[in-house]
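To start, the structure under review is shown below, and the notes come after it.
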Amino acid sequence: MNGVRTGSAVAADRRQLAADLRAVCMRVSRRTRFAKDALVPPHQASVLGKLTENVLTPRELADIECVSAPSMTRTVGCLVDKGLVRREADPSDGRQVRLFITDEGRTTIARVRAQRDEWMLERLSALSEQECAVLEQAQEILGRVVAA
2 MNGVRTGSAV AADRRQLAAD LRAVCMRVSR RTRFAKDALV PPHQASVLGK LTENVLTPRE
62 LADIECVSAP SMTRTVGCLV DKGLVRREAD PSDGRQVRLF ITDEGRTTIA RVRAQRDEWM
122 LERLSALSEQ ECAVLEQAQE ILGRVVAA
């Protein structure tokens, strides 16, 4: 071999890279989201996160989270019961309900995010400066990949 790779070899390498990246990203996501000491389950944390950005209806949340309306109704009900979210009638359409995160909900999601960041920080502290620099570059590249 002369060291020149064919198009099919490059494509196979890219396919393997895609599979490996997907798998490791999923493992990182699961490890940070499903911590034993999590303050709220992952699906509730996701909803709280979305409500920190916008006031949404249950239907909008269900669409964003790719879940059924009944499933989102149950999730929202749990968050309302915990005092993390409040419902309010839409002033322009009384049939619609808008969801707002409460101050306690903001505190909770901030703590959830801090726990997740701490988990990652503990792992990063075991890496060399060079490895952290590579991860910083990878993070920027992955950001572009998911934005595309």
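Its first residue numbered 2, the sequence shown is counted upward by one per residue in the numbering used here.
Backbone N, C-alpha and C define an ideal beta-carbon position, used for all residues, glycine too.
Cβ neighbours of residue i in the same chain (closer than 7 Å, five flanking residues each side left out)
{"i": "isoleucine 110", "result": "Ala46, Leu49, Gly50, Thr53"}
{"i": "aspartate 21", "result": "none"}
Classification of residue i by the beta-carbon crowding that lies within 10 angstroms, buried from 16 upward
{"i": "glycine 106", "result": "buried"}
{"i": "proline 59", "result": "buried"}
{"i": "methionine 73", "result": "buried"}
{"i": "alanine 10", "result": "exposed"}
{"i": "lysine 122", "result": "According to the sequence as given, residue 122 is leucine; it is not lysine. By the 10 Å Cβ count, leucine 122 comes out exposed."}
{"i": "alanine 63", "result": "buried"}
{"i": "valine 41", "result": "buried"}
Beta-carbon proximity list for residue i, same chain, < 8 Å, skipping 5 on both sides
{"i": "valine 56", "result": "Arg99, Leu100, Phe101"}
{"i": "alanine 90", "result": "Gln97, Val98, Arg99"}
{"i": "proline 43", "result": "Arg34, Phe35"}
{"i": "glycine 84", "result": "Thr103, Glu105, Gly106"}
{"i": "cysteine 133", "result": "Leu125"}
{"i": "arginine 117", "result": "Thr33, Arg34, Ala36"}
{"i": "glutamate 130", "result": "none"}
Anticipated Cβ contact below 8 Å, residue i with residue j, distance rounded
{"i": "valine 86", "j": "valine 77", "result": "6 Å"}
{"i": "alanine 1", "j": "valine 146", "result": "There is no way to answer for residue 1, as the model of the chain reaches only from 2 to 149."}
{"i": "valine 81", "j": "arginine 88", "result": "6 Å"}
Spatial neighbours of residue i in its chain, beta-carbon cut-off 6 Å, leaving aside the 5 residues before and after
{"i": "glutamate 141", "result": "none"}
{"i": "valine 135", "result": "none"}
Three-state class that DSSP yields for residue i in the structure shown
{"i": "leucine 57", "result": "strand"}
{"i": "threonine 7", "result": "coil"}
{"i": "alanine 70", "result": "helix"}
{"i": "valine 146", "result": "helix"}
{"i": "lysine 51", "result": "helix"}
{"i": "valine 41", "result": "coil"}
{"i": "alanine 36", "result": "coil"}
In chain order, each beta strand (DSSP E) run of at least 3 residues that lies wholly inside the stretch 73–144: If we require 3 residues or more, the beta strand (DSSP E) runs fully inside the stretch 73–144 come out as 86–91, 94–102.
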